[in-house]
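Following: one structure in C-alpha coordinates, then a few remarks.
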Amino acid sequence: MAGIIRNAKPSDVKEVMNFLADARVSNEGIEELIDFFVIGEDTQGNISSVLGFEPLQSIGILRSLVVHASVKEEELMMLFQHVYNLAKSKKLSTLMLITNKEVFIPLLELMGFEQISGDSIPKELENSSHVKHVGILNDVFYMKRAI
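The opening residue of the sequence shown carries number 55 in my numbering; numbering runs sequentially from there.
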(Lines of atoms letter the chains of each structure in order from A and count residues from 1; the text may use other names and numbers.)
(Lines give C-alpha, C1' and ligand atoms only; values in the text may rest on other atoms or scores of the structure.)
Protein backbone atom coordinates (compact mmCIF):
# COMPACT_ATOMS: atom_id res chain seq x y z
CA MET A 1 0.00 0.00 0.00
CA ALA A 2 1.22 3.48 -0.80
CA GLY A 3 0.73 6.08 1.90
CA ILE A 4 -0.94 5.61 5.28
CA ILE A 5 -4.34 5.38 6.93
CA ARG A 6 -4.77 7.24 10.20
CA ASN A 7 -7.29 8.80 12.55
CA ALA A 8 -8.13 12.38 11.67
CA LYS A 9 -7.02 15.17 14.02
CA PRO A 10 -8.49 18.62 14.68
CA SER A 11 -5.74 20.12 12.51
CA ASP A 12 -7.14 18.10 9.55
CA VAL A 13 -10.58 19.77 9.59
CA LYS A 14 -9.98 22.30 6.81
CA GLU A 15 -8.27 19.79 4.51
CA VAL A 16 -11.00 17.16 5.07
CA MET A 17 -13.73 19.74 4.45
CA ASN A 18 -12.05 20.82 1.19
CA PHE A 19 -11.57 17.19 0.07
CA LEU A 20 -15.26 16.48 0.67
CA ALA A 21 -16.37 19.73 -0.98
CA ASP A 22 -14.26 18.94 -4.06
CA ALA A 23 -16.15 15.63 -4.32
CA ARG A 24 -19.48 17.44 -3.83
CA VAL A 25 -20.13 15.61 -0.57
CA SER A 26 -21.59 17.47 2.41
CA ASN A 27 -18.98 18.62 4.89
CA GLU A 28 -21.58 19.79 7.39
CA GLY A 29 -20.65 18.89 10.96
CA ILE A 30 -17.09 17.80 10.15
CA GLU A 31 -15.56 20.15 12.70
CA GLU A 32 -17.60 18.59 15.52
CA LEU A 33 -17.10 15.01 14.27
CA ILE A 34 -13.43 15.06 13.21
CA ASP A 35 -12.49 12.63 16.03
CA PHE A 36 -14.73 10.05 14.33
CA PHE A 37 -13.03 10.25 10.92
CA VAL A 38 -10.27 8.26 9.27
CA ILE A 39 -8.04 9.59 6.50
CA GLY A 40 -6.04 7.79 3.84
CA GLU A 41 -3.03 9.70 2.58
CA ASP A 42 -0.83 9.12 -0.47
CA THR A 43 2.97 9.05 -0.27
CA GLN A 44 3.08 12.86 -0.56
CA GLY A 45 0.75 13.28 2.44
CA ASN A 46 -2.27 14.35 0.37
CA ILE A 47 -5.69 13.02 1.36
CA SER A 48 -6.72 10.17 -0.93
CA SER A 49 -9.70 8.83 1.04
CA VAL A 50 -11.98 9.81 3.91
CA LEU A 51 -14.55 7.89 5.92
CA GLY A 52 -16.25 8.87 9.14
CA PHE A 53 -19.21 8.09 11.32
CA GLU A 54 -21.70 9.97 13.44
CA PRO A 55 -22.04 8.32 16.88
CA LEU A 56 -25.59 7.87 18.15
CA GLN A 57 -25.56 6.07 21.50
CA SER A 58 -24.06 2.63 20.70
CA ILE A 59 -24.46 2.97 16.92
CA GLY A 60 -22.24 4.71 14.41
CA ILE A 61 -23.78 5.83 11.13
CA LEU A 62 -21.17 5.89 8.38
CA ARG A 63 -20.91 9.08 6.38
CA SER A 64 -18.72 11.01 4.00
CA LEU A 65 -17.00 8.17 2.16
CA VAL A 66 -14.89 9.75 -0.55
CA VAL A 67 -12.16 7.82 -2.33
CA HIS A 68 -9.78 9.14 -4.97
CA ALA A 69 -9.73 7.08 -8.19
CA SER A 70 -6.13 6.01 -7.46
CA VAL A 71 -7.14 4.12 -4.28
CA LYS A 72 -7.15 0.36 -4.75
CA GLU A 73 -9.78 -2.02 -3.33
CA GLU A 74 -7.29 -3.35 -0.76
CA GLU A 75 -6.70 0.17 0.54
CA LEU A 76 -10.45 0.79 0.70
CA MET A 77 -10.88 -2.36 2.80
CA MET A 78 -8.09 -1.16 5.10
CA LEU A 79 -9.84 2.21 5.43
CA PHE A 80 -13.02 0.41 6.54
CA GLN A 81 -11.02 -1.78 8.96
CA HIS A 82 -9.49 1.33 10.51
CA VAL A 83 -12.99 2.80 10.95
CA TYR A 84 -14.18 -0.46 12.61
CA ASN A 85 -11.25 -0.25 15.03
CA LEU A 86 -11.99 3.41 15.78
CA ALA A 87 -15.68 2.64 16.37
CA LYS A 88 -14.76 -0.22 18.68
CA SER A 89 -12.43 2.06 20.66
CA LYS A 90 -15.36 4.50 21.02
CA LYS A 91 -17.44 1.64 22.56
CA LEU A 92 -19.90 1.36 19.66
CA SER A 93 -21.58 -1.99 18.98
CA THR A 94 -22.89 -1.46 15.44
CA LEU A 95 -22.06 0.48 12.31
CA MET A 96 -24.83 1.36 9.89
CA LEU A 97 -24.94 2.99 6.50
CA ILE A 98 -27.42 4.28 3.99
CA THR A 99 -26.66 4.28 0.28
CA ASN A 100 -28.55 4.91 -2.91
CA LYS A 101 -25.82 3.21 -4.92
CA GLU A 102 -26.92 -0.41 -5.35
CA VAL A 103 -23.68 -1.19 -7.21
CA PHE A 104 -21.74 -0.86 -3.90
CA ILE A 105 -23.80 -3.45 -2.02
CA PRO A 106 -21.69 -6.51 -3.00
CA LEU A 107 -18.49 -4.75 -1.87
CA LEU A 108 -20.12 -3.67 1.40
CA GLU A 109 -21.34 -7.24 1.98
CA LEU A 110 -17.77 -8.44 1.42
CA MET A 111 -16.77 -6.04 4.22
CA GLY A 112 -19.27 -7.60 6.62
CA PHE A 113 -22.35 -5.43 6.13
CA GLU A 114 -25.78 -6.97 5.72
CA GLN A 115 -28.77 -5.34 4.12
CA ILE A 116 -31.75 -4.58 6.38
CA SER A 117 -35.21 -3.24 5.69
CA GLY A 118 -36.15 0.35 6.43
CA ASP A 119 -38.51 -1.00 9.10
CA SER A 120 -35.53 -2.44 11.02
CA ILE A 121 -33.73 0.87 11.54
CA PRO A 122 -32.99 1.54 15.22
CA LYS A 123 -34.86 4.44 16.82
CA GLU A 124 -31.54 6.10 17.74
CA LEU A 125 -31.05 7.01 14.10
CA GLU A 126 -34.12 9.22 14.00
CA ASN A 127 -32.07 12.01 15.63
CA SER A 128 -29.29 11.93 13.05
CA SER A 129 -29.17 14.90 10.70
CA HIS A 130 -27.23 12.72 8.26
CA VAL A 131 -29.93 10.04 8.27
CA LYS A 132 -32.64 12.66 7.81
CA HIS A 133 -30.77 14.15 4.85
CA VAL A 134 -29.92 10.86 3.12
CA GLY A 135 -33.27 9.29 3.99
CA ILE A 136 -35.10 11.73 1.73
CA LEU A 137 -33.46 10.15 -1.32
CA ASN A 138 -35.38 7.63 -3.36
CA ASP A 139 -34.40 3.97 -3.49
CA VAL A 140 -32.02 3.89 -0.54
CA PHE A 141 -30.53 0.75 0.96
CA TYR A 142 -29.87 0.33 4.68
CA MET A 143 -27.02 -1.86 5.88
CA LYS A 144 -25.49 -2.72 9.24
CA ARG A 145 -22.47 -4.49 10.68
CA ALA A 146 -21.82 -5.59 14.23
CA ILE A 147 -18.47 -4.50 15.64
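Yeah, the Cβ is synthetic: ideal placement off N, Cα and C, and Gly gets one too.
The alpha-carbon separation between S147 and L110 amounts to approximately 11 angstroms. Per DSSP, the unbroken beta strand (DSSP E) holding N61 starts and ends at I58 to N61.
Annotation: the continuous beta strand (DSSP E) that includes E168 extends over E168 to I170. D66 and I88 have their C-alpha atoms roughly 8 angstroms apart.
DSSP, read as helix, strand or coil, puts K142 in helix. The bridge partners DSSP lists for L149 are G114 and R199.
The residue from G106, V70, P64 and N154 with its alpha-carbon nearest to that of A141 is G106. Burial state of L161 is exposed, judged by a 10 Å Cβ sphere holding fewer than 16 other Cβ atoms. Between L116 and L149, the C-beta gap is smaller than 7 angstroms, which places the two residues in contact.
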